[in-house]
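K.L.:
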Amino acid sequence: MKRKTVFVTSMLVCSIAHADALSDARGVWLRDDGNARVRIAPCGQKLCATNLWIGDTSKGEDVGDKLIMTLKPNSDSTLKGTAYDPKRKLTFSMTLRVASKGLTTRGCVASGLVCKNTSWTPAK
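Here the sequence shown stands for residues 1124 to 1247, numbered as in my numbering.
1) State yes or no: is the C-beta of Leu1190 within less than 8 Å of the C-beta of Cys1171?
2) Do you know whose CA, among Thr1218, Leu1226, Asn1197, Asp1199, lies nearest Tyr1207's CA?
3) Indicate the three-state DSSP secondary structure (helix, strand or coil) for Gly1235 in the structure shown.
4) Please state if the CB of Trp1176 and the CB of Arg1160 are separated by a distance shorter than 8 Å.
5) Taking DSSP as the reference, what is the three-state secondary structure of Ser1242?
6) If you count every other CB in all the chains shown that lies within 10 Å of the CB of Thr1180, and 16 or more means buried, which is it?
7) Going by beta-carbon coordinates alone, are Arg1220 and Thr1201 separated by less than 8 Å?
8) Please state if the CB of Gly1187 and the CB of Asn1197 are separated by a distance shorter than 8 Å.
9) Is DSSP giving Ser1200 helix, strand or coil here?
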């Protein structure tokens, strides 16, 4: 009976951490360079970041572009997993960290050899 209780408790703690990080990540965010406004919201069992506004489209980003994230809790404030960009047909590793003043995302390709960090602040 004790093993079952420990298992159920650990699953509950994992679910709560996942729910908190997911809840905190949801919303509308402004990218640190001022060139993007995205909405992060559930899309099925995953989380999607959808471009609502793009200031500089020279890098091929458009309104409506989506990033589909399959993330799992790594800590109370961090989610890790993969992200898929359907427009570019590119999958990369992703870390999303929720902080008191915003989000930080880190995406990596080439087995982590090429990474990019981006900071996000809540849109007002």
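Quick reminder that beta carbons are idealized off the backbone N, C-alpha and C, glycines included.
P.N.:
The relevant details are as follows:
1) yes
2) Thr1218
3) helix
4) yes
5) strand
6) exposed
7) yes
8) no
9) coil
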